[in-house]
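Single-structure report; data block below.
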Amino acid sequence: QKEVEQNSGPLSVPEGAIASLNCTYSDRGSQSFFWYRQYSGKSPELIMSIYSNGDKEDGRFTAQLNKASQYVSLLIRDSQPSDSATYLCAVANDYKLSFGAGTTVTVRA
Amino acid sequence: KAGVTQTPRYLIKTRGQQVTLSCSPISGHRSVSWYQQTPGQGLQFLFEYFSETQRNKGNFPGRFSGRQFSNSRSEMNVSTLELGDSALYLCASRGDTSNYGYTFGSGTRLTVV
Chain W
1 QKEVEQNSGP LSVPEGAIAS LNCTYSDRGS QSFFWYRQYS GKSPELIMSI YSNGDKEDGR
61 FTAQLNKASQ YVSLLIRDSQ PSDSATYLCA VANDYKLSFG AGTTVTVRA
Chain E
1001 KAGVTQTPRY LIKTRGQQVT LSCSPISGHR SVSWYQQTPG QGLQFLFEYF SETQRNKGNF
1061 PGRFSGRQFS NSRSEMNVST LELGDSALYL CASRGDTSNY GYTFGSGTRL TVV
């Protein structure tokens, strides 16, 4: 079983819609969770971090964490063409990040 | 505030050679970690250093090594390069509080021919 798994993509959404990304992790003791955005040819950029159960909102982004289900999600509201990128879910343990394979999101104008 | 700086940005090496990559973390960050990104394997953890001590190491052969200096700058070295070592090598730094996210540098694109 992989440490971090993300829903397979690619995900195509129309401009203005909500993009929903999901991630599950295997280590029940994990405490820190991150979402990174990576544009083609660029390095990952941290867009959200979440550490406790529930929702965390930052602008058009909402991260949700459910430790009992070992599940993390990211919602992108009012999707814009500039949101087209690969989104990486990452879980921190033992001074390292374990990444999912990423979900590529394309926002159609 | 300057970000994470990696040098060089691009490298082309021949099989069998060795290479050294450099990373300067965000000022005040003492944790530096390295990752390898390839299309097939995604982002994989190489190692993490804090105050010159390696605290964790990923599942890579001994040809991959690293170190951290007293000013928190870090280097990684790959010896006896193989074609499969071609990848984007990313460095990330983090503040001391565990609730800080990891900030990545722009990466070094290594091509082994």
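Taken in sequence, the protein lines are chains W and E.
All residue numbers for the first sequence refer to our numbering, where the first residue is 1 and numbers rise by one.
All residue numbers for the second sequence refer to our numbering, where the first residue is 1001 and numbers rise by one.
Note that CB positions come from ideal geometry on N, CA and C, so glycine has one too.
Everything numeric in this text was worked out from a predicted model, so none of it was measured.
Applying a beta-carbon distance threshold of less than 9 Å, which residues of chain E neighbour residue 88 of chain W?
-> 1042, 1043
Closer than 8 Å at the beta carbon, the chain E residues around residue 96 of chain W = 1033, 1045, 1048, 1056, 1058
Take the Cβ of residue 109 of chain W as the centre, count every other Cβ of all protein chains shown within 10 Å, and call the residue buried at 16 or more, exposed below.
-> exposed
Cβ of residue 46 of chain W less than 8 Å from any chain E Cβ?
-> yes
Could you tell me whether any Cβ in chain E is nearer than 8 Å to the Cβ of residue 43 of chain W?
-> yes
Take every Cβ of the stretch 1032-1052 of chain E, pair it with every Cβ of the stretch 1092-1101 of chain E, and state whether three or more of those distances are shorter than 8 Å.
-> yes
With C-beta atoms as the reference, is residue 1064 of chain E less than 8 Å away from residue 1078 of chain E?
-> yes
Within its chain, find whatever has a CB closer than 8 Å to the CB of residue 106 of chain W; leave out the 5 residues flanking it on each side and keep chain order.
-> 10, 11, 12, 13, 84
Please name the residue in E:1084, E:1021, E:1016 whose C-alpha comes closest to that of residue 1105 of chain E.
-> E:1021
Segment contact flag, the stretch 35-55 of chain W with the stretch 80-97 of chain W, C-beta cutoff 8 Å, min 3 pairs = yes
With a Cβ-Cβ cutoff of 8 Å, do residue 47 of chain W and residue 60 of chain W count as a contact?
-> no
According to the neighbour-count rule (16 or more other Cβ atoms, all chains shown, within 10 Å of its Cβ), is residue 68 of chain W buried or exposed?
-> exposed
Anyone know if the C-beta pair for residue 1066 of chain E and residue 1047 of chain E falls short of 8 Å?
-> yes
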